[in-house]
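Only one structure is covered here, and it is reproduced in the block below.
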Amino acid sequence: KQEVTQIPAALSVPEGENLVLNCSFTDSAIYNLQWFRQDPGKGLTSLLLIQSSQREQTSGRLNASLDKSSGRSTLYIAASQPGDSATYLCAVWSENNNDMRFGAGTRLTVKP
Amino acid sequence: NAGVTQTPKFQVLKTGQSMTLQCAQDMNHNSMYWYRQDPGMGLRLIYYSASEGTTDKGEVPNGYNVSRLNKREFSLRLESAAPSQTSVYFCASRGTAQSHGYTFGSGTRLTVV
């Protein structure tokens, strides 16, 4: 059974800092991995999707990497801003599942 | 705008009442999903439909039924609501290619009193 873990559960940083969020998964037989952002009381917004054959994807100040063999992904946020404050979730689509499995998320606070 | 549309956005039910949550997508996706999100529990899969005409149970299906009305629409029904079903419900859809990820609706916040 695919299990997805996100560390840390919460993170607080001053504005301008670069930061890394971690996601690990137990079954390396995956199709893709997706990072989402969720603001309080809102839905999930897709940030980046990495296919199993890819190593990384970039969008603006965000860079997501994937090391399938070790079961790890990182989301790098450059020059963090208060508007980046949200919960970040990773989800994995495994070859043995029809659905994506989610981590519990990392709650990020960027202080002005 | 293309995406996943959920209705209603908010609902309050009395214990024992029934209701249907509606979900529609216009991206021609084959797969659709219903999740619930509770504090400290994360996102849990209730039911999914891999294609039109098929539905399967997820992690927490008890107390719910679903209908894949056509390729666009996937509804979730609570036949006899219970306070334990107070939650935020999300619908999602996905295409079949590896380049496809989930697209989520904006959610339904349900309170059962």
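Residue numbers (our numbering), protein chains in the order written: chain A, 1 to 112; chain B, 1001 to 1113. Quick reminder that beta carbons are idealized off the backbone N, C-alpha and C, glycines included.
Whether residue i touches residue j by CB criterion (8 Å)
i: lysine 1014 of chain B; j: valine 1113 of chain B; result: yes
i: phenylalanine 36 of chain A; j: leucine 19 of chain A; result: no
i: glutamine 38 of chain A; j: threonine 87 of chain A; result: yes
i: alanine 9 of chain A; j: threonine 106 of chain A; result: yes
i: valine 92 of chain A; j: isoleucine 30 of chain A; result: yes
i: proline 82 of chain A; j: glutamate 3 of chain A; result: no
i: leucine 89 of chain A; j: glycine 103 of chain A; result: yes
i: arginine 1036 of chain B; j: valine 1004 of chain B; result: no
i: tyrosine 1048 of chain B; j: tyrosine 1064 of chain B; result: no
i: serine 69 of chain A; j: serine 94 of chain A; result: no
i: serine 118 of chain A; j: glutamate 17 of chain A; result: Past the edges of chain A, shown from 1 to 112, lies residue 118 of chain A, and the structure says nothing about it.
i: threonine 1086 of chain B; j: glutamine 1011 of chain B; result: no
Span separating the alpha-carbon of residue i from that of residue j
i: leucine 21 of chain A; j: glutamine 1017 of chain B; result: 42 Å
i: alanine 78 of chain A; j: glutamate 1079 of chain B; result: 48 Å
i: proline 1039 of chain B; j: serine 1051 of chain B; result: 30 Å
i: phenylalanine 1074 of chain B; j: asparagine 1062 of chain B; result: 17 Å
i: methionine 100 of chain A; j: serine 1067 of chain B; result: 20 Å
i: aspartate 67 of chain A; j: asparagine 97 of chain A; result: 20 Å
i: threonine 1111 of chain B; j: asparagine 32 of chain A; result: 34 Å
i: serine 1099 of chain B; j: glutamine 51 of chain A; result: 6 Å
i: glycine 1105 of chain B; j: proline 112 of chain A; result: 31 Å
i: threonine 1096 of chain B; j: threonine 1055 of chain B; result: 16 Å
9 Å Cβ cut-off: residues of chain E touching residue i
i: serine 80 of chain A; result: Protein chains A and B are contained in the structure displayed, whereas chain E is not.
Reference residue i, options the options, closest by Cα
i: leucine 11 of chain A; options: A:Ile50, A:Asp84, A:Lys42, A:Gly60; result: A:Asp84
i: glycine 60 of chain A; options: A:Asp67, A:Gln34, A:Tyr76, A:Ser28; result: A:Tyr76
i: lysine 1 of chain A; options: B:Tyr1048, B:Glu1059, B:Val1004, B:Asn1030; result: B:Glu1059
i: glutamine 34 of chain A; options: B:Thr1111, B:Gly1101, B:Arg1109, B:Thr1096; result: B:Gly1101
*asked:* If the cut-off is 7 Å on Cβ atoms, which residues from the region 1032 to 1047 of chain B count as contacting chain A, listed in chain order?
replied: Tyr1033, Gly1042, Leu1043, Leu1045
*For the region 1057 to 1091 of chain B, which residues have a CB atom closer than 7 Å to at least one CB atom of chain A, in sequence order?*
Gly1058, Phe1090
_Taking 8 Å as the cut-off, does the region 1024 to 1040 of chain B touch the region 1076 to 1095 of chain B (at least 3 CB pairs, one atom from each stretch)?_
yes
*Taking only beta carbons into account, state which residues of the region 28 to 40 of chain A come closer than 7 Å to chain B, listed in chain order.*
Tyr31, Asn32, Gln34
*asked:* If the cut-off is 8 Å on Cβ atoms, which residues from the region 82 to 105 of chain A count as contacting chain B, listed in chain order?
replied: Leu89, Ala91, Trp93, Asn98, Asp99, Met100, Phe102, Gly103, Ala104, Gly105
*Can you give me, in chain order, the residues of the region 11 to 26 of chain A that have a beta carbon less than 7 Å from any beta carbon in chain B?*
none
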